[in-house]
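Peer 1:
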Amino acid sequence: MPAVEVTGAAPRPDCPEWASGEAGRVPDSSVQMSWHPQYRSSKFRHVFGKPASKENCYDSVPITRSVHDNHFCAVNPQFIAVVTECAGGGAFLVIPLHQTGKLDPHYPKVCGHRGNVLDIKWNPFDDFEIASCSEDATIKIWDIPKQLLTKNLTGCRKELVGHARRVGLVEWHPTAANILFSSGYDYKVMVWNLDTKESVITSPVRTIDCHQDVILSMSFNTSGSLLATTCKDRKIRILDPRAGTVLQEASYKGHRANKVLFLGNLKKLLSTGTSRWNNRQVALWDQDDLSVPLTEEDLDGSSGVLFPFYDVDTNMLYVVGKGDGNIRYYEVSADKPYLNYLTEYRSYNPQKGIGVMPKRGLNVSSCEIFRFYKLITTKSLIEPVSMIVPRRSESYQEDIYPPTAGAQPSLSAHEWLSGMNKGPVLVSLRPGSQLLSHQPLFPERPLSNSMAPASPRLSSQTGQLAAEDARRPRSLLEEKATRRAAEQRLEEKKTWFSNGFDIFECPPPKTENELLQMFYRQQEEIRRLRELLAQREVQAKQLELEIKNLRVGSEGF
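According to our numbering, the sequence shown holds residues 49 to 605 in order.
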């Protein structure tokens with residue numbers, strides 16, 4: 049008679065087959081209970097990287113050959129800027145975001161520096177303003193025209209002169225308007241107030257000179273009240289950017305930091321660098337105690353710098369290696385084990401630099417939560433890579449798009465310099481949504497097409513509609529319908545702008561490539577208008593049904 053298998057039975061000393069678990073027997077219960085697999089429930093567990101097709105890349109771009117460990121690329125919803133090679137000085141290209149394909153070899157450049165451009169950053173509150181720094185020890189602020197460039201742009205709006213040696217990094221303040229930070233090879237960090245009428249600014253509002261060597265990276269916390277830096281002495285410092293004092297300093301010898309990043313509101317820092325054995329490493333730190341890192345993780349033995357990027361909305365960390373084609377991504381939690389590895393995007397094309405699209409420029413209809421722009425020097429190519437959350441539904445996914453920082457400052461330069469701190473002005477990424485936070489109390493010039501003021505004719509139409517509504521009594525629901533109609537007229541005004549450019553002011557295409565780009569742009573506009581029309585039809589049907597139900601209910605009373 050065959051033996052009966054009993055789960056959890058104790059092993060018999062006189063039966064070696066039973067004790068060893070052979071012949072398909074189940075091990076004893078103590079062994080089973082000692083194995084606890086760690087399963088984490090996460091909506092970002094299956095995020096994958098999707099590279100753009102060849103026609104949606106930027107080809108024949110002369111990317112810089114500089115050996116500095118910077119991004120060399122800056123992106124916003126209107127343009128992509130990339131540092132390029134230029135004889136007799138420094139220059140960078142500003143390409144409209146939707147002008148993909150092969151770049152004209154005579155495409156106009158933004159050139160005004162006397163030395164190589166080392167860093168460029170778009171103003172987070174103005175899609176047509178960019179800052180650049182150079183080996184000529186100056187920082188320049190440029191106004192980019194809305195129309196396509198037809199010749200080289202050589203005149204800047206402002207020039208900042210204060211550093212004694214070349215300037216390696218520039219950073220805009222995350223919440224205050226017209227505040228710019230710069231760091232140079234003179235070991236100084238300078239704070240500039242651009243809210244002046246002077247075209248050449250020679251005196252910064254604050255100079256921070258607590259570093260003993262070249263500053264390698266700078267990062268702000270969410271409100272901009274703290275500044276973290278890494279230095280060539282491999283120390284991490286947390287500074288008060290207004291007072292210029294050092295609040296925390298890491299003296300840990302086991303991790304040589306190269307780049308540092310604030311992790312949103314988690315009160316933690318993340319740094320990338322090398323270990324004692326020269327392995328590439330990431331380390332997580334407590335913002336209030338930099339004596340010992342909370343955790344360290346060795347990645348590989350490559351020599352390229354690791355660029356960290358943190359998405360405060362999804363708590364996802366992306367680590368991009370210079371010189372390799374991989375992008376690792378993690379999910380960050382407030383408790384142990386802090387860093388939870390998700391997966392890795394692999395590519396055979398190594399990147400020299402990287403650009404990142406702000407959240408307000410993502411394609412929410414395809415569940416895109418992050419977008420990189422890889423600079424591939426071996427092919428003179430800029431390749432967009434979208435990080436996608438796989439979802440079956442094509443509707444707006446509220447759970448993966450929480451309110452995010454918008455393109456409007458929460459403080460003026462004077463308010464921030466006087467000691468005020470405020471978080472960013474939040475917006476919803478849902479199409480057609482409005483600001484969720486307070487409006488700033490000081491006037492700002494128009495920043496982008498999504499914030500452009502309506503024309504006087506459109507304003508008069510809206511005013512007439514409001515007057516007609518006031519003359520006859522209506523129910524709350526009908527007033528709601530009237531407001532939606534006014535919003536629809538505003539949306540119609542916005543559709544006059546195609547991809548950020550006024551379709552009535554765009555110059556006619558001169559080449560076959562420009563003609564194709566115009567055709568694709570119009571096709572995209574037609575598709576978007578059809579989607580908008582379908583949404584309006586659904587809203588109209590819902591309103592009709594609500595009005596009908598309301599009337600039936602009022603007749604019952």
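Just so you know, even glycine gets a beta-carbon here, dropped at the ideal spot from N, CA and C.
#1: Hey, L166 and H116: beta-carbon distance below 8 Å or not?
#2: Give the single residue among Q571, H259, I249 and S299 whose Cα lies nearest to the Cα of H146.
#3: On a CA-only basis, which of E345, S273 and Y377 is nearest G471? Give me that one, please.
#4: For C279, count the other beta carbons within 10 Å of its own beta carbon; 16 or more makes it buried, fewer makes it exposed. Which is it?
#5: Would Q126 be called buried (16 or more neighbouring beta carbons within 10 Å of its own) or exposed?
#6: Hey, would you say L477 sits closer than 8 Å to R93, going by beta carbons?
#7: Return the chain-ordered list of same chain residues with a C-beta closer than 7 Å to the C-beta of D447, the five sequence neighbours on each side being excluded.
#8: When you compare only the Cα positions, how much space is there between Q335 and M435?
#9: When DSSP labels each residue in this structure, what does H462 get in the three-state scheme?
#10: List the endpoints of the continuous beta strand (DSSP E) containing L347.
#11: DSSP three-state label for M435, please.
#12: Let me know the alpha helix (DSSP H) ranges lying completely inside the segment 248-319, each 4 residues or longer, listed in chain order.
#13: Drop a sphere of 10 angstroms on the beta-carbon of P606, count the other beta-carbons inside from all chains shown, and report buried for 16 or more, exposed for fewer.
#14: So, under 8 Å CB-CB, S428 and I111 are touching, yes? Tell me the CB distance rounded to an integer number of Å.
#15: So L365 and Y377 are supposed to be a Cβ contact under 8 Å. How far apart are they, rounded?
#16: What number of angstroms, rounded off, separates the C-alpha of R584 from the C-alpha of A129?
#17: Compute the distance between the beta-carbons of A179 and I192, then report whether it is under 8 Å.
#18: With DSSP collapsed to three states, give me the class of E562.
#19: With F176 as the anchor, note down where its beta strand (DSSP E) starts and where it stops.
#20: Would you say P406 and G371 are within 8 Å of each other, going by their C-beta atoms?
#21: By alpha-carbon positions, which one of H221, H154, E379 and G137 ends up nearest to D613?
#22: Could you give the DSSP three-state label for Q509: helix, strand or coil?
#23: Run through DSSP, which three-state label would I192 get?
#24: Per DSSP, what are the beta-bridge partners of H161 in this structure?
#25: Would you mind working out which of G232, N226 and C159 sits nearest K245, comparing C-alpha positions?
#26: Please work out which residues of its chain come closer than 6 Å, Cβ to Cβ, to D361, disregarding the five sequence neighbours upstream and downstream, and give them in chain order.
#27: Using the rule of at least 16 other Cβ atoms within 10 Å of the residue's Cβ for burial, across every protein chain shown, is S89 buried or exposed?
#28: If you draw a straight line from the alpha carbon of V437 to that of R408, how long is it in whole angstroms?
#29: Please classify D337: does DSSP put it in a helix, a strand, or coil?
#30: Could you check where the beta strand (DSSP E) with K98 kicks off and where it finishes?
#31: Buried or exposed for Y396, going by 16 or more other Cβ atoms inside 10 Å?
#32: Can you name the start and end residues of the beta strand (DSSP E) that R376 belongs to?
#33: Out of A224, L295, L208 and L287, state which residue places its alpha-carbon closest to the alpha-carbon of P252.
#34: What does DSSP give as the partner residue(s) for F229 in the beta ladder?
#35: With H, G and I counted as helix, E and B as strand and the rest as coil, what does DSSP make of K596?
#36: Do the CB positions of I284 and W333 come within less than 8 Å of each other?
Peer 2: Checking against the coordinates, here is how it stands:
#1: L166 places its beta carbon less than 8 Å from that of H116.
#2: The shortest Cα separation from H146 among Q571, H259, I249 and S299 belongs to Q571.
#3: Nearest of E345, S273 and Y377 to G471, Cα basis: S273.
#4: When all chains shown are included, C279 counts as buried.
#5: When all chains shown are included, Q126 counts as buried.
#6: Not in contact: L477 and R93 (Cβ atoms no closer than 8 Å).
#7: Excluding residues within five positions, the ones whose Cβ falls inside 7 Å are K91.
#8: In a straight line, the C-alpha of Q335 is about 29 Å away from that of M435.
#9: Of the three classes helix, strand and coil, the one that applies to H462 here is helix, per DSSP.
#10: Residues T343 to D348.
#11: Here M435 carries a strand assignment [DSSP, helix/strand/coil].
#12: Fully enclosed alpha helix (DSSP H) runs of 4 or longer: not present.
#13: One cannot answer for residue 606 here, as it falls past the ends of the chain, which runs 49 to 605.
#14: At roughly 6 Å, the Cβ-Cβ gap stays under 8 Å, so S428 and I111 are in contact.
#15: Between L365 and Y377 a beta carbon distance of about 7 Å is seen, short of the 8 Å cut, so the two are scored as contacting.
#16: Straight across, the Cα-Cα distance linking R584 with A129 is about 36 Å.
#17: The criterion of a C-beta distance shorter than 8 Å is not satisfied by A179 and I192.
#18: DSSP, read as helix, strand or coil, puts E562 in helix.
#19: It is not in any beta strand (DSSP E) - F176 carries neither H nor E in the DSSP assignment.
#20: Going by C-beta atoms, P406 is not nearer than 8 Å to G371.
#21: In the structure as shown, the chain starts at 49 and stops at 605, and residue 613 therefore has no counterpart that could be examined.
#22: Note that Q509 scores 46 on pLDDT, short of 50, meaning its location in the model is unreliable and no value can be drawn from it.
#23: Assigned with DSSP and collapsed to three states, I192 falls in coil, not helix or strand.
#24: G138, per the DSSP bridge assignment.
#25: Looking only at G232, N226 and C159, the smallest Cα-Cα distance to K245 is reached by N226.
#26: Beyond the five residues adjoining it in sequence on each side, D361 comes within less than 6 Å, by CB distance, of P450 and T452 in the same chain, given in chain order.
#27: S89 comes out exposed.
#28: Pairing V437 with R408, the inter-Cα distance amounts to about 17 Å.
#29: Residue state, collapsed to three classes: strand.
#30: Run containing K98: F96 to P99, per the beta strand (DSSP E) assignment.
#31: Answer is exposed; the Cβ neighbour count stays below 16.
#32: For R376, the uninterrupted beta strand (DSSP E) segment begins and ends at I375 to V380.
#33: Closest option to P252, judged by alpha-carbon separation, among A224, L295, L208 and L287: L208.
#34: Looking at the DSSP assignment, F229 forms a beta bridge with E219 and V239.
#35: In the structure shown, K596 adopts helical secondary structure according to DSSP, grouped into three states.
#36: The answer is yes: Cβ separation under 8 Å.
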